[in-house]
Amino acid sequence: MGYSNWFLVVFLSWVFSVSRTHQLQSSQTGILLQIRKHLEYPLVLENWNNYNGDFCNLAPTQHMSITCQNNSVTELKIMGDKLSKVSSKFNGFAIQNQTLSESFSFDSFVVTLARLSTLRVLSLVSLGIWGPLPDKIHRLSSLELLDMSSNFMFGPVPQQLSRLVNLQSLTLDSNFFNDTPPNWLDSLSKLQVLSLRNNRLKGQFPSSICRIRTLTDIAFSHNELFGRLPDLSTLTSLHLLDLRDNHLDYELPSMPKGLSTVLLNNNSFTGEILDQFGKLNQLQRLDLSFNLLRGALPSALFSLPNISYLNLASNMLTGELPNHLNCGGKLGFVDISTNRLTGLLPYCLGTTSNRVVKFGGNCLSIDIQHQHPQSYCKAAYKERKSPMGKEIWLLIAIIGGAFVMALLFLGIVILCRRYRTRRTSERPTYPKVVQETAPAGISSELLANARLISQAAKIGTQGAPVHKVFALEELEEATDKFDKSMFLGEGSLGEMYRGRLENGTYVAIRSLALRRKYSVRNLNLRLDLLSKLRHPHLVGLLGHCIDAGGQDDSTVDRLFLVYEYVSNGNFRTHLSESSPEMVLTWSDRLAVLIGVAKAVHFLHTGAMPASFSNRLKTNNILLDEHRIAKLSDYGMSIITEGFESLEGKGDGQKSWHMTRLEDDVYKFGFILLESLVGPIVSGKGEAFLLNEMSSFGSQDGRRRIVDPIVLTTSTQESLSIVISITNKCISPQSSARPSFEDVLWNLQYAAQVQASADSDQKSDAASSHS
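Per mature numbering (1 follows the signal peptide of the UniProt record, and there is no 0), the sequence shown runs over residues -21 to -1, 1 to 749.
Below you can see the structure in the form of structure tokens.
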């Protein structure tokens, strides 16, 4: 073959190759456009509308990127703005219009995705995708990373995922998966990251996970896992274990030596903390708080070479810490509060150290005001050390059980006889009492139903103190006859005093002068409604005292309300320059705001009757010793105002309901605003704040008005989310204001964005040091 012929063959081959490449690229482009259509043209893909070039060369954005290799798509990442919100019922779940439309076909969508046969990375976050994850997902056989967080997928995690043998990272956080946790995961032999946070998975921790030796991250937090956690020591590559907020119990298992983060708080683990935890030399963060752990506190935990965060609060740990306890050089935060510890606080945990240490609620010989008496902890220790053997307890249990069974049988016989007798002669008395004594404007049916508080109210309040009726003499003794030294302040709702009950519990007592006359029976009905408002982020109402001279039918002039005492000041104080050591970072402020928003959302939707006009302002938000927010002065309209009928018809009822609802949203908007601008607003009114809102529109304006602490501890994206929802809350048009549900979810999203950025920053810092 001559040179010219050879050149011609090469040239024609090149032309043919170019033609095939162009055809393949056109096919891939068509698939991408179909994907956009399936997702119902999300705003983040607007730049695809009139794009005529090569999608592989499309400039990536913060919410979208495409990566190609050999003219085929290998990575597709899209992040939308459809958050998982709750409203109307959908397939047994609470779903709002943040989902894709009813015409969306998840099955067809996956079939289209599978046509991108070379796809290795697929991230589809917050796009409103709903329905069970189809079995056809296994057709994406080249996948190495799958992230479909913050959507609306429900049902089981399909077993067909086990056929994705190249998968290294599986993230399905913040969906509604509600089946048992998948126990076939060991088929994914290359899996490194497994994250199923914030779902509704119920069942035991999958034992098959222990056979995936490549795992570096396991995250099942905020689910409903229960039972024993298996031995995890075989997972030699594991760095992160996040199982927070489940129902796991039994003893703590053995852990792999390479762990750097262990988050097991808010479970029901029992037994002692294994000595093995004190040998995890790579450990940086350990949180075992809010469990049922007993025994001595291993001193080796404090001296681990890399430990920086150690939280053992709210357990039943006993004994003394060694006086010569050694603390690691990186240890910056320690919380051993609310246990049964005695003795002195070791030097390295003392006030002279530069680390944050919380130790209240023990029996330590320091800071007596925030410690229990020694007898409190010694009694618990003796109970744990009781010498009585298991055999004796077993014998007692058998005898006691037989005795109880006999009593039950006898009781059933007696009750059956009485029931036959009373069935024809008695009528239920409660509805009659309600009908005769219902306060003005409150229907008898409403009062009867008010005893039914939604399940949402009960979550997190198990074991809450029973509401008690106090005698005036008890309160006088608790406050030294309302001595000036016990006076906390005075507001529109009366005077507030600090007191100490006979059992040693500190309380806050409000002396309330009633503006209108109520009978004792009428007032008791109202107080019964108020006492049902229980939530982890509401200051607990422990009881009341009616000063009526002991006459049942007399009118009441004075009422005492007894609340739990919250000792760490109010939110406004923590936003003030006057105490810089107490000022909260942006993440801390978001945590406070989310807590209050949850409380108000409960008052609006989780209680019956709903409570509106809840006097929302920063000095009515109190922080406990763990900086958990608790709203005070809520629900007072139940006592201080007359109800209007909730059964009335017409626009009047709707207007009454919406006015109070929007009033709380509007007031909360100013709490948000004060959280943003901090001490600048001290002594300034609403008019000043409204004028300053215009400054948020520019970066220079933000630097001028936003609290410097917020600016230096927040990301622009997180800050922008809160500024946006703040603007909506204080909109002059009430119809433009969001629901509290919207407010809550925007704040949670802002916190999620901030936490992700903080985590990335820590990872980058760790990488730079390594």
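We put the CB at the ideal spot given by N, CA and C, even for glycine.
Contact between Gly59 and Ser121 is absent: CB atoms are separated by about 24 angstroms, not below the 8 angstroms threshold. Judged by DSSP in its simplified three-state form, His349 adopts helix.
Around Pro209, the same chain offers Phe184, Ser186, Cys189, Pro232 as residues with beta carbons nearer than 7 angstroms, after the five sequence neighbours per side are excluded.
By the Cβ neighbour-count rule, Tyr229 is exposed, with fewer than 16 other Cβ atoms within 10 Å of its own. Straight-line measurement puts the Cα of Ile345 at about 37 angstroms from the Cα of Gly237. Inter-residue distance for Leu521 and Ala578 is about 17 angstroms (C-alpha atoms, whole angstroms). By alpha-carbon distance to Ser616, the top candidate from Leu491, Ala576, Glu469 is Leu491. Assigned with DSSP and collapsed to three states, Arg264 falls in strand. The beta carbon of Ser510 is closer than 7 angstroms to those of His446, Leu520 in its chain, skipping five residues each way along the sequence.
Per DSSP, reduced to three states, the secondary structure at His583 is helical.
Contact annotation, Gly657 with Leu554: C-beta distance approximately 5 angstroms; criterion of less than 8 angstroms satisfied. Runs of the beta strand (DSSP E) spanning 3 or more residues and lying entirely within the stretch 276 to 359 occur at 288 to 290, 295 to 299, 312 to 314, 319 to 322, 335 to 337, in chain order.
Taking a C-beta distance under 8 angstroms as the contact criterion, Leu283 and Leu262 qualify as a contact pair. Under the DSSP assignment, Ala93 falls in the alpha helix (DSSP H) whose first and last residues are 85 to 93.
Inter-segment contact for the stretch 90 to 105 and the stretch 118 to 134 is present: three or more beta-carbon pairs are separated by less than 8 angstroms. Along the length of the stretch 205 to 268, whole beta strand (DSSP E) runs at least 3 residues long occupy 219 to 221, 226 to 228, 240 to 242, 264 to 266, reported in chain order.
Looking from the CA of Asn318, the closest CA among Asn270, Asn178, Leu690 belongs to Asn270. Under the three-state reduction of DSSP, Trp565 is assigned to helix. Beta-bridge analysis with DSSP links Ala608 to Leu602.
Nearest in C-alpha terms to Ile607, of all of Thr584, Ser546, Leu655, is Ser546. Of the candidates Arg15, Leu11, Gly206, Leu272, the residue whose Cα lies closest to the Cα of Ser96 is Leu11. In the same chain as Leu569, and ignoring 5 residues on each side of it, the C-beta atoms closer than 8 angstroms to its own belong to Ser697, Val701, Leu726, Ala729, Ala730, Gln733, in chain order.
In this structure the stretch 166 to 179 lies against the stretch 131 to 149, because at least three pairs of beta carbons, one per stretch, are closer than 8 angstroms. Going by C-alpha positions, Val448 is about 53 angstroms away from Leu112.
Exclusion of the five residues before and after Leu563 leaves His553 as the residues of its chain whose Cβ lies within less than 6 angstroms of its Cβ. Contact between Leu296 and Arg264 is absent: CB atoms are separated by about 19 angstroms, not below the 8 angstroms threshold. In the same chain as Phe205, and ignoring 5 residues on each side of it, the C-beta atoms closer than 6 angstroms to its own belong to His226, in chain order. Counting every other CB atom within 10 Å of its CB across the protein chains shown gives Ser268 a total of 16 or more, marking it as buried. In this structure, Gly648 lies near Ile709, with their beta-carbon atoms less than 8 angstroms apart.
Taking Glu604 as reference, the option from Asp314, Lys181, Gln7, Leu538 with the minimal CA-CA separation is Asp314.
DSSP, read as helix, strand or coil, puts Lys16 in helix.
Counting along the chain, the unbroken beta strand (DSSP E) around Ala198 starts and ends at 196 to 198.
Between Met234 and the set Leu219, Asn245, Leu92, the nearest pair of CA atoms involves Leu219.
Burial check for Phe338: the Cβ neighbour count within 10 Å reaches 16 or more, so the residue is buried. Residue pairing by DSSP puts Lys56 in a beta bridge opposite Ser44, Ser102. By the C-beta density criterion, Gly308 is exposed, having fewer than 16 other C-beta atoms within 10 angstroms.
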